[in-house]
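Residue numbers (the numbering used here), protein chains in the order written: chain A, 23 to 136; chain B, 8 to 118.
Given below as structure tokens:
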């Protein structure tokens, strides 16, 4: 099976813009989670989608949003970008979710906000 | 917020030596998972240990879990230069469908 894919791999934006990142999970996986990784805060959970429904959300402002499509592909959107949003954004997929099983991570999208 | 701390933050050893990393966490968990990350790339799953397990092995990896102390350790035996990476523990908290990551240990294996 193909692994988790994320597009784009690199992105440069300016403050105030918005960005959409995409994640395609492993075939058959219904759970997709998103994480932000920064040198200062480490790896932090953004949200999790399961069968097109957001099941869990981390402690991030409303500028961060996401959705999941019927084929389990997921997108996350960040509006009104701030310098502090520069980070590596990772998505992970699994059959049922992190509480019970291994998460499979994609290579990440590195976002730089200027 | 991060679940807890990993110790040490950085570790440098010679090829062939063993590397031990420790992880502490704060809440009750369903399972604890260890991941490896090379140079800011994606995370690679290494091993998952459930809350009712005390020890698990996978190849050169040995993981222990002490739920009474809320701690875990990862031992890599006979290390190789290719093991150079950052290692993270992550807990799956009861009732929360998300991983909470530790701060990570940067392992450098000198050839």
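For glycine and all other residues, C-beta sits at the position ideal for the given N, C-alpha and C.
CA nearest to the CA of residue i, picked from the options
| i | options | result |
| --- | --- | --- |
| residue 133 of chain A | A:38, A:43, A:92 | A:43 |
| residue 14 of chain B | B:82, B:117, B:101 | B:82 |
| residue 102 of chain B | B:32, B:38, B:30 | B:38 |
| residue 53 of chain A | A:61, A:73, A:67 | A:73 |
| residue 35 of chain B | B:18, B:43, B:55, B:76 | B:76 |
Contact list for residue i against chain B, beta-carbon separation under 8 Å
| i | result |
| --- | --- |
| residue 86 of chain A | Chain B residues near residue 86 of chain A: none, gap ~14 Å exceeds 8 Å. |
| residue 112 of chain A | 49, 50 |
| residue 67 of chain A | 105, 106, 107 |
Neighbour list for residue i in chain A, Cβ cutoff strictly below 9 Å
| i | result |
| --- | --- |
| residue 115 of chain B | Neighbours of residue 115 of chain B on chain A: none; closest Cβ ~18 Å, over 9 Å. |
Contact list for residue i against chain A, beta-carbon separation under 8 Å
| i | result |
| --- | --- |
| residue 52 of chain B | 124, 125, 126, 127 |
| residue 21 of chain B | Ordered by position in chain A, no residue passes the 8 Å Cβ test against residue 21 of chain B, which lies about 28 Å from the chain. |
Contact list for residue i against chain A, beta-carbon separation under 7 Å
| i | result |
| --- | --- |
| residue 48 of chain B | 129, 130 |
| residue 110 of chain B | 64 |
Beta-carbon proximity of residue i to residue j, cut-off 8 Å
| i | j | result |
| --- | --- | --- |
| residue 123 of chain A | residue 115 of chain A | no |
| residue 88 of chain B | residue 67 of chain B | no |
| residue 12 of chain B | residue 110 of chain B | yes |
| residue 40 of chain B | residue 55 of chain B | yes |
| residue 106 of chain B | residue 97 of chain B | yes |
Neighbour flag for residue i against chain B, beta carbons, 8 Å
| i | result |
| --- | --- |
| residue 134 of chain A | no |
Contact with chain A by residue i, beta-carbon distance below 8 Å
| i | result |
| --- | --- |
| residue 72 of chain B | no |
| residue 9 of chain B | The predicted position of residue 9 of chain B is uncertain, since its pLDDT is 47 and thus under 50; a value taken from the coordinates is nonetheless stated next. Yes, contact with chain A. |
| residue 55 of chain B | yes |
| residue 15 of chain B | no |
Contact list for residue i against chain B, beta-carbon separation under 7 Å
| i | result |
| --- | --- |
| residue 70 of chain A | 104, 105 |
| residue 77 of chain A | 104 |
| residue 55 of chain A | 105 |
Cβ neighbour criterion (16 or more within 10 Å) applied to residue i
| i | result |
| --- | --- |
| residue 73 of chain B | exposed |
| residue 39 of chain A | exposed |
| residue 34 of chain A | exposed |
| residue 8 of chain B | Residue placement at residue 8 of chain B is flagged as unreliable, the pLDDT there being 43, under the threshold of 50; the coordinate-derived value follows with that caveat. Residue 8 of chain B should be labelled exposed. |
| residue 60 of chain A | exposed |
| residue 117 of chain B | exposed |
Residue i: contacting residues in chain B (beta-carbon distance under 9 Å)
| i | result |
| --- | --- |
| residue 80 of chain A | 105 |
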